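K.L.:
For any residue, its number in the numbering used here is found by taking its place in the sequence shown, counting from 1, and adding 16.
Where a beta carbon is used, it is the ideal one built from N, C-alpha and C, also for glycine.
Note that the structure is predicted; figures quoted are calculated from it, not measured.
Below is one structure. I have some questions about it.
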Amino acid sequence: MRAVVQRVKRACVDIDGKTISAIQKGLMVLLGIGDEDTAADADYIAQKLTELRIFEDADGKMNMSVTDVGGEVLIVSQFTLHGDARKGRRPSFIHAARPEKAIPLYEYVINSVSAHVPVKCGRFGADMDVSLVNDGPVTILLDSTRLF
Numbered sequence: 017m018r019a020v021v022q023r024v025k026r027a028c029v030d031i032d033g034k035t036i037s038a039i040q041k042g043l044m045v046l047l048g049i050g051d052e053d054t055a056a057d058a059d060y061i062a063q064k065l066t067e068l069r070i071f072e073d074a075d076g077k078m079n080m081s082v083t084d085v086g087g088e089v090l091i092v093s094q095f096t097l098h099g100d101a102r103k104g105r106r107p108s109f110i111h112a113a114r115p116e117k118a119i120p121l122y123e124y125v126i127n128s129v130s131a132h133v134p135v136k137c138g139r140f141g142a143d144m145d146v147s148l149v150n151d152g153p154v155t156i157l158l159d160s161t162r163l164f
């Protein structure tokens, strides 16, 4: 499971010109679920999202988590995070999980994170417009296999 985590001042998801989810200060998360991912991968990502210390404390050091600062999390499914562009010019997505596997794991991560902080989400499989104001900018890559 892979995630692109961005510290944001605000973020939102629009579908067909209508905002379906919006957050203020917190984390914007693009979540890619792979064909070999399990609940253990989801647990790892959910824990990292709630405990990752990328918000500044009173001394200006990144020492606080989204939970510590009372932030929100916006999670959007992003199968293209498992795109493999090493050969040719067109990425291959054969390692991205099919919806029947990905949807339950996506919902599992949402439910796990929402036990700690308010969570909003995109609509799985929809054509979404995602907007955000990156705070910093701070962007962290997570991979449950600890590839990076």
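Can you find the residues in the same chain that come closer than 6 angstroms, C-beta to C-beta, to residue 71, ignoring five residues on each side of it along the sequence?
P.N.:
For the purposes of this step, residue 71 is taken as residue 55 along the sequence shown, with counting starting at 1. For residue 71, where only same-chain residues beyond five positions count, the Cβ hits under 6 angstroms are 80 and 85.
K.L.:
So, using beta-carbon positions, are residue 49 and residue 136 closer together than 8 angstroms?
P.N.:
The sequence position of residue 49 within the sequence shown is 33, counting from 1. The sequence position of residue 136 within the sequence shown is 120, counting from 1. No; because the gap between Cβ atoms is not below 8 angstroms, this pair is not in contact.
K.L.:
Can you give me the Cβ contacts of residue 83 inside the same chain, cut-off strictly under 8 angstroms, excluding the 5 residues immediately before and after it?
P.N.:
In the sequence shown, counting from the first residue as 1, residue 83 sits at position 67. Counting only Cβ-Cβ distances below 8 angstroms, and skipping sequence neighbours, we find 66, 67, 132 and 133.
K.L.:
Once DSSP output is grouped into helix, strand and coil, what is the label at residue 93?
P.N.:
Within the sequence shown, the letter at position 77 stands for residue 93. DSSP places residue 93 in strand when its eight states are reduced to three.
K.L.:
Contact between the segment 29–38 and the segment 95–108 is defined here as three or more beta-carbon pairs at a separation below 8 angstroms; is this criterion met?
P.N.:
no
K.L.:
Per DSSP, residue 149 forms a beta bridge with which residues?
P.N.:
The sequence position of residue 149 within the sequence shown is 133, counting from 1. Per DSSP, 26.
K.L.:
Where do the ends of the alpha helix (DSSP H) carrying residue 121 lie?
P.N.:
Here residue 121 refers to the residue found at position 105 when the sequence shown is read from its first residue. Per DSSP, residue 121 belongs to the alpha helix (DSSP H) from 115–130.
K.L.:
Quick check on residue 74: does DSSP put it in helix, strand or coil?
P.N.:
Taking the sequence shown and counting its residues from 1, the one referred to as residue 74 is at position 58. Coil at residue 74, not helix or strand.
K.L.:
Along the chain, where does the beta strand (DSSP E) containing residue 165 start, and where does it finish?
P.N.:
No statement about residue 165 is possible, as the shown extent of the chain runs from 17 to 164 and does not include it.
K.L.:
In chain order, what residues of the same chain have a beta carbon less than 8 angstroms from the beta carbon of residue 95, not counting five sequence neighbours either side?
P.N.:
The residue labelled residue 95 in the question sits at position 79 within the sequence shown. Within the same chain, residue 95 has close Cβ partners 48, 49, 109, 112, 113 and 118.
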